[in-house]
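Trainee: What follows is a single structure, and I will ask about it in a moment.
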Amino acid sequence: MIYMETCRVEDNRGVGGEYRILVLRSEQIAGSVLPGQFVHVRIPRRNDLVLRRPFSVFRVRNGCMEIFYKVVGAGTRVLAETRRHAALSVLGPLGRAFPDADPDAEPVLVAGGYGAAALYMVAEACRRRGTVLLGGASAGDILLGTEFESLGWRVEVATEDGSLGLKGRVTDLLDALIARRPGEHFEFFACGPEGMLRAVARRAMQKGVRAWLSFDRRMGCGVGACLACVLDVRDEGGRRRRVRVCREGPVFEAGTVVWEEDPGND
Amino acid sequence: MTEIGAERRAAGRKEPDLSTDIGGIRMKNPVMVASGTFGFGPEYADLVEPDRLGGVIVKGISLDPAAGNEPPRLVEVPCGLINSIGLQNPGVEYFVREYMPFLRDCGTTVIVNIWGRSIEEYRLVAIRLSEAGGVDGLELNLSCPNIREGGAAFGTDARLLRQVVTEVRASTDLPLIVKLSPNVPDIGELAVICEQAGADAVSLINTLPAMAVDVETRRPRLGNISGGLSGPAIHPVAVKMVWEATRACALPVIGVGGVSSLADALEFFIVGARAVAVGTATFSNPRCALEIVDGLREYLAGHGLAGMDDLIGTLET
Ligand SMILES: Cc1cc2nc3c(=O)[nH]c(=O)nc-3n(C[C@H](O)[C@H](O)[C@H](O)COP(=O)(O)OP(=O)(O)OC[C@H]3O[C@@H](n4cnc5c(N)ncnc54)[C@H](O)[C@@H]3O)c2cc1C
Ligand SMILES: Cc1cc2nc3c(=O)[nH]c(=O)nc-3n(C[C@H](O)[C@H](O)[C@H](O)COP(=O)(O)O)c2cc1C
Ligand code: FES
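One line per chain: the protein sequences are Y and P, in this order. Per the working numbering, residue 17 is the first one in the first sequence, and the count goes up by one each step. Per the working numbering, residue 903 is the first one in the second sequence, and the count goes up by one each step.
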C-alpha cells in the first residue's frame, strides 16, 4: 500500500558538511516501510518545483521516519531550511525492498556517499552481522560509520583523497575482503553511484556472489505511471525488458541488470 | 457523499450538475487525468479513487511494443518539466490483456490514447480497441514531439491530418478525440479539419518542444537531447489555444496543459472547454484532479450555477 501522508517535521539537523537528517512524524509510512524502500517528498513553499524529490528511508525510530540527505540543489536547499513543526507531504513507501539476507552467507554492505543511508535498515534487519564498506570522495562523505559499528558490524573505509581510511575506492576494500577470505560465501548489498554499482556487480559475477544493487534514477511520479525512471534488465528467460526503478526497483539483482556500453555483459 | 447531498437538499440547495458530454462520451464530471501521467490505469490505485474522476486517459498505446527513449527522460525546469519518454508502451495486445480488466471495472470513463508510425497502425490499434470492450473513447495522439514518426507530422500537416482522422473514423464506432499539436501557426484551422474529417472532439495541448542544457558538462539534460515541456509554464499558452479552437469549430474541446488548481481548470471552462485533463500536477499531488472536482462543485454552488453548461464558454470580452 502506498500512502500520501502529511508528516510533521520533528527535527532537521546538520550532521557535518552538506549532510542532514530529517526526522518526520509518520504513522502509515513509518509503520510499513521496509529496508531499501524510498519516499517521494514534496518540496514545500515552492510551486515552481513541480516534482517531488526521492529519498531512501534511513531508519524508523519512535514513530518517526528519518531521511539522511545531502544538500545538492534547489529542492534539498529548501528542505534544509524547513523548520520543526512544518508539514511535509510524503508519498511512500515506494519500490521493492532488499530481500531478506541469505542466512548462510556473510553479508557485505557496500555504500558510496549517501548510499549508506539506504543500507542502514538492511544492517538492522540482518540476523548475521558482517562488514560494511564505506566509500566517498573525502572524509566528510564517510557517513554513519559509528552507527553501523554500534549495530555490531565491522566497518572499513576508503576515500579517494586518502583523508580517511584506505586511499582509493570502496571496491578496493571489496577486492581486499574477497582476497582475504577466499572460501567465504558472501552476499553483497550495495547503494551508491552507478559506476560503483557496476564495479560491485562485476566482482559479484566473477565470484558467483549474489549482489543486490539499489539504483538512483530521475523520477517523475515515483509510483510507476510516467515511465521516466527506466532501467534495462533481463528476465528469467533472458529477454531484455525495460522496467521502472520506482516500481520494480530500486533494488535489482546484479545479474539481471543490462549495463550500457558493456559488451562484456551484453 | 449521500449525507452531504441530503444536507444540501435540506438546506434547499441543489447539488450542481458536474456531468458533461464529450462528443458522445458521457462523463460524471469534467475532470480527467491526462495521457502519460497516469500510467495504464492501476498505478495510482492506492492514492486516487478512479471512480471519482471524470475519466482516465491512458498512456499512448501502439500496435507493437515500444521501448521509448534513453534516460534521462525527465528534467525539471522552472514551473514545468521536459520529458522525452518516447511513448514507451507494451503494445495493444498486452494492454488489452493486462490492463483492460482493471479499467473495465474502475468505475469511470476510459479513454485510450493511441499512436502509430503509419495511418495503417493507427487504424489497427483503433480496431483492436473497439473490439476489446470497456473503452469509451479513443484519443489520437498526433502531436507527440518525442519520436520522429510519433505522429507529430500528422498533427502539423493539414493533408495528413485529414487523412488519418478520416481513415480511423471509418475503422471504429468509438467516439474519436483528436489530440492536437500546439506546434502550429493556426490551431483553429486544424480543429476545423478534424471536424470535417469526422472527429467527435479535440483535446489540446500536448507538450511544447523544449530543451535544457547542463552548463557544467555542456551536455543536453535529456538522453534524447530535446523533449516536450509541460506543467504550469505552458498553461497560458494552452488557454489561448483552447479559446481559439472553441471559436473556430463546433467540436467539444478538452483543455490540457498546466492544470494544477481549480482556477486553472476554470479558465479552460470559461474559454469554452467542455472538460479538462490534469497531467504533470498529478506527480506532485496525486489527488489534484479529485481536489479540482470538489472545488468545482463548490464553485458552481457558490456562484449559483446549476451545471457545467452555465459555466462553459462564458468568457466576457
Ligand atoms: C531511490 C532514490 C533514493 C535516494 N535516496 C537519497 C538519500 O537517501 N539521500 C540523499 O541525499 N539523496 C537521495 N537520493 C537523491 C536525491 O533524490 C537527490 O539528491 C535530490 O532529488 C536532489 O534534489 P535537488 O532539488 O536538491 O537537486 P537538483 O539537482 O536541483 O534537482 C533537479 C532535479 O533532478 C533530480 N535529481 C537530482 N539529483 C538526483 C539524483 N541523484 N537522483 C535522482 N534524482 C535526482 C531532482 O529530484 C529534481 O527533479 C535518492 C534518489 C533516488 C532515486
Ligand atoms: C511524462 C509524460 C508523458 C506523456 N505521455 C503522453 C502520451 O503518451 N500521449 C499523449 O498524447 N500525451 C502525453 N503527454 C502529454 C500530456 O498528456 C499533456 O498533454 C501535457 O503534459 C500537458 O499537460 P500538463 O501540463 O498538465 O502535463 C505526456 C506528458 C508527460 C509529462
Ligand atoms: S518515476 Fe514515474 S514511472 Fe518511475
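Think of the CB as a built atom: it goes at the ideal place given N, C-alpha and C, for glycine as much as any other residue.
1) What is the rounded straight-line gap between the Cα of TYR130 of chain Y and the Cα of HIS1205 of chain P?
2) Can you look up ASP282 of chain Y in the DSSP assignment and give me helix, strand or coil?
3) Please go through the region 172-207 of chain Y and give each complete alpha helix (DSSP H) segment of 4 or more residues, from N-terminal end onward.
4) Provide the residue(s) that pair with HIS56 of chain Y in DSSP beta bridges, ordered along the chain.
5) For a test of your reading of the model: does the CB of GLY91 of chain Y fall under 7 Å from any non-hydrogen atom of ligand 1? Yes or no.
6) From P:GLY926, P:GLU917, P:GLY993 and P:GLY1125, pick the residue whose C-alpha is nearest to that of ASP1075 of chain P; which is it?
7) On the DSSP letters alone, give me the boundaries of the alpha helix (DSSP H) that PRO1138 of chain P sits inside.
8) Taking a Cβ distance cut-off of 8 Å, strictly less, list which residues of the region 63-90 of chain Y are near chain P, in chain order.
9) Residue range of the alpha helix (DSSP H) that LEU1026 of chain P falls in?
10) Would you mind giving the Cβ-Cβ distance between ALA113 of chain Y and PRO51 of chain Y, rounded to the nearest angstrom? I have them listed as a contact below 8 Å.
11) Any heavy atom of ligand 1 inside 7 Å of the beta-carbon of VAL88 of chain Y?
12) Tell me whether LEU989 of chain P counts as near ligand 4, meaning its Cβ is closer than 7 Å to at least one heavy atom of that ligand.
13) Which whole-angstrom value is the C-beta distance of ARG233 of chain Y and LEU213 of chain Y, which I expect to be below 8 Å?
14) In chain order, what residues of the same chain lie with their CB nearer than 6 Å to the CB of GLY1215 of chain P, ignoring the 5 residues before and after it?
15) Out of Y:THR22, Y:VAL273, Y:PHE205 and Y:GLY151, which has the shortest C-alpha to C-alpha gap to ALA121 of chain Y?
16) Quick one: what's got a C-beta closer than 7 Å to VAL249 of chain Y's C-beta in the same chain, skipping five residues either side?
17) Return the CA-CA distance between TYR85 of chain Y and PHE1170 of chain P, expressed in angstroms with no decimal places.
18) For the region 1051-1098 of chain P, list the alpha helix (DSSP H) runs that are entirely contained and at least 4 residues long, ordered along the chain.
19) Three Cβ pairs or more, each shorter than 8 Å: is that satisfied between the region 1190-1198 of chain P and the region 1132-1148 of chain P?
20) Could you check how far apart the C-beta atoms of GLY208 of chain Y and ALA133 of chain Y are, in whole angstroms? I think they sit under 8 Å.
21) Would you say ALA270 of chain Y reaches chain P, if we count a Cβ-Cβ gap shorter than 8 Å as a contact?
22) Report the three-state DSSP secondary structure of ASP251 of chain Y (helix, strand or coil).
23) Would you say GLY993 of chain P faces chain Y, with C-beta separation under 8 Å as the test?
24) Give the range of the beta strand (DSSP E) segment to which TYR1001 of chain P is assigned.
25) Can you check whether the C-beta of MET212 of chain Y is within less than 8 Å of a C-beta belonging to chain P?
26) May I ask you to check if the CB of MET235 of chain Y is nearer than 7 Å to at least one heavy atom of ligand 3?
27) Along chain P, in chain order, which residues have C-beta atoms closer than 7 Å to that of GLY240 of chain Y?
28) Since VAL66 of chain Y and PRO1134 of chain P should fall inside the 8 Å C-beta cutoff, what is the C-beta to C-beta distance between them, to a whole number of angstroms?
29) For GLY1209 of chain P, write down the residues that DSSP places opposite it in a beta bridge.
30) Is it the case that the CB of ASP232 of chain Y approaches a heavy atom of ligand 1 more closely than 7 Å?
31) Keeping to the same chain, check which residues put their C-beta closer than 7 Å to that of ALA96 of chain Y; ignore five residues upstream and five downstream.
32) Keeping to the same chain, check which residues put their C-beta closer than 7 Å to that of SER72 of chain Y; ignore five residues upstream and five downstream.
33) Is the CB-CB distance between ILE45 of chain Y and VAL94 of chain Y below 8 Å?
34) Let me check you understand the geometry: is the CB of VAL1158 of chain P closer than 7 Å to at least one non-hydrogen atom of ligand 2?
35) Which runs of the beta strand (DSSP E) at least 3 residues long sit entirely within the region 922-1007 of chain P? Give them in chain order.
36) Would ALA1112 of chain P and LEU1131 of chain P be called neighbours here (beta carbons separated by less than 8 Å)?
Mentor: Working from what's here:
1) Counting from one through the first sequence, the residue named residue 130 of chain Y turns up at place 114. Counting from one through the second sequence, the residue named residue 1205 of chain P turns up at place 303. Spanning the two alpha carbons is a distance of roughly 52 Å.
2) Position 266 of the first sequence, counting from 1, holds the residue named residue 282 of chain Y. Its pLDDT being 31, under 50, ASP282 of chain Y is placed unreliably by the model, and the measurement read from it follows with that caveat. ASP282 of chain Y: coil per DSSP, three-state reduction.
3) The region 172-207 of chain Y contains these whole alpha helix (DSSP H) runs: 186-196.
4) Taking the first sequence and counting its residues from 1, one reaches residue 56 of chain Y at position 40. In the DSSP output, where bridge partners are listed per residue, HIS56 of chain Y has Y:PRO70 and Y:LEU107.
5) Residue mapping note: residue 91 of chain Y aligns to position 75 of the first sequence, counting from 1. Because some heavy atom of ligand 1 lies under 7 Å away, the Cβ of GLY91 of chain Y counts as near it: yes.
6) Counting from 1 along the second sequence, the entry for residue 1075 of chain P is found at position 173. Comparing C-alpha distances from ASP1075 of chain P to each of P:GLY926, P:GLU917, P:GLY993 and P:GLY1125 shows the shortest one belongs to P:GLY926.
7) As a working mapping, residue 1138 of chain P is identified with position 236 in the second sequence. Unbroken alpha helix (DSSP H) run through PRO1138 of chain P: 1137-1150.
8) Look at the region 63-90 of chain Y: the residues with a C-beta under 8 Å from a C-beta of chain P are ASN63, ASP64, LEU65, VAL66, LEU67 and ARG68.
9) Taking the first residue of the second sequence as 1, we reach residue 1026 of chain P at position 124. For LEU1026 of chain P, the enclosing alpha helix (DSSP H) starts and ends at 1021-1034.
10) Taking the first sequence and counting its residues from 1, one reaches residue 113 of chain Y at position 97. Taking the first sequence and counting its residues from 1, one reaches residue 51 of chain Y at position 35. About 5 Å; that satisfies the 8 Å criterion.
11) Position 72 of the first sequence, counted from the first residue, corresponds to residue 88 of chain Y. Within the cutoff, so yes.
12) In the structure shown, ligand 4 is absent; the only ligands present are ligand 1, ligand 2 and ligand 3.
13) On the first sequence, residue 233 of chain Y is found 217 positions in, with the first residue counted as 1. On the first sequence, residue 213 of chain Y is found 197 positions in, with the first residue counted as 1. No, ARG233 of chain Y and LEU213 of chain Y are not in contact; Cβ-Cβ is about 12 Å, not under 8 Å.
14) As a working note, residue 1215 of chain P is residue 313 in the second sequence. Result list for GLY1215 of chain P: GLY1174, in chain order.
15) Here residue 121 of chain Y corresponds to residue number 105 of the first sequence, with the count starting at 1. Considering only alpha carbons, the answer is Y:PHE205.
16) Locating residue 249 of chain Y in the first sequence gives position 233, where the first residue counts as 1. In the same chain as VAL249 of chain Y, and ignoring 5 residues on each side of it, the C-beta atoms closer than 7 Å to its own belong to ARG257, VAL259, PHE268, THR272, VAL273 and VAL274, in chain order.
17) Here the question's residue 85 of chain Y lines up with position 69 in the first sequence. Here the question's residue 1170 of chain P lines up with position 268 in the second sequence. So the alpha carbons of these two residues sit roughly 40 Å apart.
18) Counting only runs of 4 or more, we get 1054-1058, 1060-1073 and 1089-1098.
19) These segments do not touch.
20) Residue mapping note: residue 208 of chain Y aligns to position 192 of the first sequence, counting from 1. Residue mapping note: residue 133 of chain Y aligns to position 117 of the first sequence, counting from 1. Taking the Cβ atoms as the reference, GLY208 of chain Y lies roughly 11 Å from ALA133 of chain Y, outside the contact range of under 8 Å.
21) The sequence position of residue 270 of chain Y within the first sequence is 254, counting from 1. Interface with chain P (8 Å Cβ-Cβ cutoff): ALA270 of chain Y is excluded.
22) Within the first sequence, numbered from 1, the residue matching residue 251 of chain Y stands at position 235. Shown here, ASP251 of chain Y sits in coil according to DSSP, grouped into three states, outside any helix or strand.
23) Looking up residue 993 of chain P in the second sequence gives position 91. At least 8 Å separates the CB of GLY993 of chain P from every CB of chain Y.
24) On the second sequence, residue 1001 of chain P is found 99 positions in, with the first residue counted as 1. TYR1001 of chain P -> no beta strand (DSSP E), and no H or E assigned at all.
25) Locating residue 212 of chain Y in the first sequence gives position 196, counting from the first residue. Closer than 8 Å to the CB of MET212 of chain Y there is not a single CB belonging to chain P.
26) Along the first sequence, one-based indexing puts residue 235 of chain Y at 219. Checking the Cβ of MET235 of chain Y against ligand 3 gives yes.
27) Here residue 240 of chain Y corresponds to residue number 224 of the first sequence, with the count starting at 1. Residues of chain P passing the Cβ test: GLY941 and GLU945.
28) Mapped onto the first sequence, residue 66 of chain Y falls at position 50. Mapped onto the second sequence, residue 1134 of chain P falls at position 232. Cβ atoms of VAL66 of chain Y and PRO1134 of chain P come within 8 Å of each other, at about 7 Å.
29) The residue given as residue 1209 of chain P occupies position 307 in the second sequence. P:ASP919, per the DSSP bridge assignment.
30) For the purposes of this step, residue 232 of chain Y is taken as residue 216 along the first sequence, with counting starting at 1. It does: the Cβ of ASP232 of chain Y is within 7 Å (strictly closer) of some heavy atom of ligand 1.
31) If you number the first sequence from 1, residue 96 of chain Y lands on position 80. Contacts found: ARG36 and VAL87.
32) The residue given as residue 72 of chain Y occupies position 56 in the first sequence. Around SER72 of chain Y: PHE54, ALA133 and ALA134.
33) What you label residue 45 of chain Y is simply residue 29 of the first sequence in a count that begins at 1. What you label residue 94 of chain Y is simply residue 78 of the first sequence in a count that begins at 1. Going by C-beta atoms, ILE45 of chain Y is not nearer than 8 Å to VAL94 of chain Y.
34) Counting from one through the second sequence, the residue named residue 1158 of chain P turns up at place 256. Yes, Cβ of VAL1158 of chain P sits closer than 7 Å to a heavy atom of ligand 2.
35) With a minimum length of 3 residues, the continuous beta strand (DSSP E) runs that stay inside the region 922-1007 of chain P are 922-924, 927-929, 933-935, 957-963, 976-979 and 982-985.
36) Start at 1 with the first residue of the second sequence, and residue 1112 of chain P comes out as number 210. Start at 1 with the first residue of the second sequence, and residue 1131 of chain P comes out as number 229. Using a Cβ distance threshold of 8 Å, ALA1112 of chain P and LEU1131 of chain P count as a contacting pair.
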